[in-house]
Amino acid sequence: AWTGLEINTLAILPLISKPHHPRAIEAATKYFLVQAAASTLLLFSSSTNALLTGQWDITQLTHPISCLLLTTAISMKLGLAPFHFWFPEVLQGSHLTTGLLLATAMKFPPITLLLMTSSSLNYTLLTILAITSAALGGWAGLNQTQIRKILAFSSISHLGWMTIIIIYNPKLTLITFYLYCMMTAAIFLTLKATKILKLSSMMIAWTKIPSLSATLMLTLLSLAGLPPLTGFLPKWLIIQELTKQEMTSTATIIALLSLLGLFFYLRLAYCATITLPPNSINYMKQWQTNKP
Numbered sequence: 001a002w003t004g005l006e007i008n009t010l011a012i013l014p015l016i017s018k019p020h021h022p023r024a025i026e027a028a029t030k031y032f033l034v035q036a037a038a039s040t041l042l043l044f045s046s047s048t049n050a051l052l053t054g055q056w057d058i059t060q061l062t063h064p065i066s067c068l069l070l071t072t073a074i075s076m077k078l079g080l081a082p083f084h085f086w087f088p089e090v091l092q093g094s095h096l097t098t099g100l101l102l103a104t105a106m107k108f109p110p111i112t113l114l115l116m117t118s119s120s121l122n123y124t125l126l127t128i129l130a131i132t133s134a135a136l137g138g139w140a141g142l143n144q145t146q147i148r149k150i151l152a153f154s155s156i157s158h159l160g161w162m163t164i165i166i167i168y169n170p171k172l173t174l175i176t177f178y179l180y181c182m183m184t185a186a187i188f189l190t191l192k193a194t195k196i197l198k199l200s201s202m203m204i205a206w207t208k209i210p211s212l213s214a215t216l217m218l219t220l221l222s223l224a225g226l227p228p229l230t231g232f233l234p235k236w237l238i239i240q241e242l243t244k245q246e247m248t249s250t251a252t253i254i255a256l257l258s259l260l261g262l263f264f265y266l267r268l269a270y271c272a273t274i275t276l277p278p279n280s281i282n283y284m285k286q287w288q289t290n291k292p
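Residue numbers (the UniProt record's numbering): 1 to 292.
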């Protein structure tokens, strides 16, 4: 498991640092340092368990300290709050294509490890981290103007939803992850096609590829979890499962926290489809030159 995670980390580093820009190099360095620290903690949890119980299998940790260290290590790998500070910065310093990989494919190995070791995790800590991620993911995204950072905080918020249910219903976590990946991929590819990186430039998105603006709005609202769109289904099922497990207060808290994320998704959708752009001559010229 540890070797696979390390190969995964080393594979993405050249893609992050490919532009040879100081910001890209900084992002690659931050990513490497955090992932290396998390991997070290992962090995340390396994070694501690072997020392105290004689069991080397990482999927069957029994000592409380080892379980705590394992939960912390995987949370760092995923970017759960409060270990999330590296993720928005790395995503902001990367290209949109690399950002898409970081927000989707690179989350798959840690989530797989989380599923494999779900019986060994410290669930109290995991629940606290999940609720904190849902809160900070929504709260920190409110004041952002860079779209990549908004999507990074969106990812952190969704990870909170995935991890809170992983003990009770691992299949539901996977379904949520797959749907999140599809919706995030659609947004990143739309942004790449329209060459939009800032909130202010979304106002002229419809002049470049008008049909994609409507698609972008629907995808953003789906990511926000509005019914009857696709993103509503996993959130509804997660709340239903938490209620079945007699965790009604937790379900209520995480449902209310999703309203924070709804605000910035609506702001993105509003800027992309409803806001009228400035009618200056310079902007008119820009529209003409940017037509595909």
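Think of the CB as a built atom: it goes at the ideal place given N, C-alpha and C, for glycine as much as any other residue.
Whole-angstrom distance between residue j and residue i, CA atom to CA atom
i	j	result
Ile-254	Leu-52	36 Å
Lys-18	Ala-251	42 Å
Ser-66	Thr-124	14 Å
Ile-128	Met-182	27 Å
Tyr-178	Leu-233	12 Å
Tyr-180	Thr-215	16 Å
Ile-167	Thr-145	36 Å
Ser-118	Thr-59	8 Å
Leu-136	Ala-205	29 Å
Ala-36	Ser-120	22 Å
Gln-288	Ser-211	Residue placement at Gln-288 cannot be trusted, given a pLDDT of 46 that sits under 50; the coordinates are not used to answer.
Met-247	Phe-85	29 Å
Leu-262	Gln-55	45 Å
Arg-267	Ile-274	10 Å
Supposed contact pair residue j and residue i - C-beta distance, whole angstroms, cut 8 Å
i	j	result
Leu-61	Ser-75	Not a contact, Cβ separation roughly 15 Å.
Ala-81	Thr-132	4 Å
Leu-100	Phe-32	Leu-100 to Phe-32, Cβ: 20 Å. No contact.
Leu-172	Ile-238	6 Å
Arg-148	Leu-91	5 Å
Leu-126	Thr-48	Their Cβ separation, rounded to whole angstroms, is 18 Å, which puts Leu-126 and Thr-48 out of contact at 8 Å.
Leu-151	Ala-105	Between Ala-105 and Leu-151 the Cβ distance is about 15 Å, and since that is not below 8 Å, they are no contact.
Ala-50	Lys-77	Contact flag wrong, Cβ pair sits at about 21 Å.
Leu-257	Gly-138	6 Å
Trp-2	Leu-69	Rounded, the Cβ-Cβ distance is 13 Å, inconsistent with contact.
Ile-164	Ala-130	4 Å
Leu-159	Leu-260	Not quite, the Cβ-Cβ distance comes to about 15 Å (not below 8 Å), so this is no contact.
Residue i and residue j closer than 9 Å at C-beta
i	j	result
Met-202	Ala-272	yes
Gly-231	Leu-242	no
Delimiting residues of the alpha helix (DSSP H) encompassing residue i
i	result
Met-182	170-194
Phe-44	22-53
Glu-246	Premise fails: Glu-246 is in no alpha helix (DSSP H) and is neither H nor E.
Ala-92	Before going on, a small fix: residue 92 reads as Gln here, not Ala. Run containing Gln-92: 86-92, per the alpha helix (DSSP H) assignment.
Proximity to residue i [Cα-Cα], best of the options
i	options	result
Tyr-265	Gln-245, Leu-218, Pro-228 and Glu-241	Leu-218
Leu-197	His-95, Thr-59 and Thr-9	His-95
Glu-26	Glu-89, Ala-1 and Leu-5	Glu-89
Thr-112	Leu-229, Pro-170, Glu-246 and Thr-190	Pro-170
Gly-93	Gly-160, Val-34, Lys-107 and His-20	His-20
Ile-12	Leu-42, Thr-98 and Gly-54	Thr-98
Ile-156	Ile-175, Lys-195, Phe-83 and Leu-5	Phe-83
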